[in-house]
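Last residue of the sequence shown? That's 208 in full-length UniProt numbering, and every number before it is there in order. Report on the following structure.
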Amino acid sequence: MPIHEIRHPLVRHKLGLMRRADLSTKSFRELSQEVGALLTYEAVKDLPLEPVTIRGWAGDVEVEKLSGKKVTVVPILRAGIGMLDGVLTLIPGARVSVVGIARNEETLEAQTYMERLVGELDQRLALVIDPMLATGGSMIATIDLLKRAGCREIRALVLVAAPEGIERVMSAHPDVAIYAASIDDRLNENGYILPGLGDAGDRIFGTK
Ligand code: URA
């Protein structure tokens with residue numbers, strides 16, 4: 001599955017604003033949701049439709065409605081919460097499955113500390129959201145977990161992706177499409193994306 005870098009002017013403009021070091025928490029948070037919504041728009045543009053006849057103001061009219069799988073949005077704690085409302089603005093009926101992944105400092109492996117998955121995952125499209133795809137560890141662990149729970153169709157939505165993380169996710173899960181507002185240059189020695197956004201969780205929650 002390919003990686004999609006969404007080069008829409010609105011996305012590029014908003015992401016450019018987010019890169020400013022002096023941006024307020026409020027603006028960073030708002031822009032995370034807005035870019036999350038724009039990524040969603042792109043990520044679901046192939047959803048199937050079916051015709052239905054409804055009563056319109058001037059009589060019967062044939063319209064279209066979504067006919068495919070239902071959607072679950074999967075924010076990876078904690079930063080993924082920063083994109084959640086943006087996604088739900090466009091897909092208000094989606095169910096939310098929350099996943100918490102942390103790195104075990106001894107084994108350096110990604111470990112799940114919380115999972116609250118919705119039911120019927122085999123009949124749902126999962127949109128996994130996390131602002132930063134850095135090493136890919138959390139994303140891979142989340143996709144593993146969703147697949148173990150029966151989910152068969154998964155897409156990943158991230159604000160910024162590092163080539164290293166893309167590579168790892170694509171080789172672990174070649175069936176998962178990744179939608180990113182930007183593919184940045186690289187990871188630094190501390191695992192931060194360059195030029196990146198800094199610590200997205202801290203900037204969304206105002207913890208720094
Ligand atoms: N997580 C972040 O918040 N930022 C990075 O650059 C990498 C991981």
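From the three backbone atoms N, C-alpha and C, an ideal C-beta is built for every residue, glycine too.
Residues surrounding the ligand URA [beta-carbon distance to nearest heavy atom under 5 Å] | Met-132, Ala-134, Tyr-192, Ile-193, Gly-196, Asp-199, Ala-200
Ile-193 by DSSP, collapsed to three states: which one?
-> Judged by DSSP in its simplified three-state form, Ile-193 adopts strand.
Beta-carbon separation (whole angstroms), Val-35 vs Leu-159, contact threshold 8 Å = About 6 Å separates the two Cβ atoms, so the contact holds.
Exposure label - His-13; buried when at least 16 CB within 10 Å | exposed
Between Ser-27 and Arg-148, what straight-line distance do the alpha-carbon atoms span, to the nearest angstrom?
-> 37 Å
First and last residue of the alpha helix (DSSP H) that includes Thr-142?
-> 137-148
Status (buried if at least 16 other CB within 10 Å, exposed otherwise) for Leu-117 = buried
Using three-state DSSP, classify residue 213 as helix, strand or coil.
-> Past the edges of the chain, shown from 1 to 208, lies residue 213, and the structure says nothing about it.
Residues bridged to Lys-70 by DSSP?
-> Arg-124
Considering Thr-112, what are the terminal residues of the beta strand (DSSP E) in which it resides?
-> Taken as a continuous stretch (DSSP letters only), the beta strand (DSSP E) holding Thr-112 covers 110-116.
Below 6 Å CB to CB, which residues in the same chain sit around Ser-97 once its five sequence neighbours on both sides are set aside?
-> Thr-72, Val-74, Leu-117, Val-118
Alpha carbon to alpha carbon, what distance is there between Trp-57 and Val-63?
-> 13 Å
Give the straight-line distance between the Cα atoms of Leu-197 and Gly-59, rounded to the nearest whole angstrom.
-> 52 Å
N- and C-terminal bounds of the beta strand (DSSP E) containing Leu-159 = Counting along the chain, the beta strand (DSSP E) containing Leu-159 begins and ends at 153-161.
To the nearest angstrom, report how far apart residue 238 and Cys-151 are at their CA atoms.
-> The first residue shown for the chain is 1 and the last is 208, placing residue 238 beyond what the model contains.
Is it right to say Met-114 is buried, meaning 16 or more other beta carbons lie within 10 angstroms of its own, or is it exposed?
-> exposed
Is the CB-CB distance between Arg-168 and Thr-25 below 8 Å?
-> no
So what does Asp-60 bridge to, in DSSP terms?
-> Arg-55
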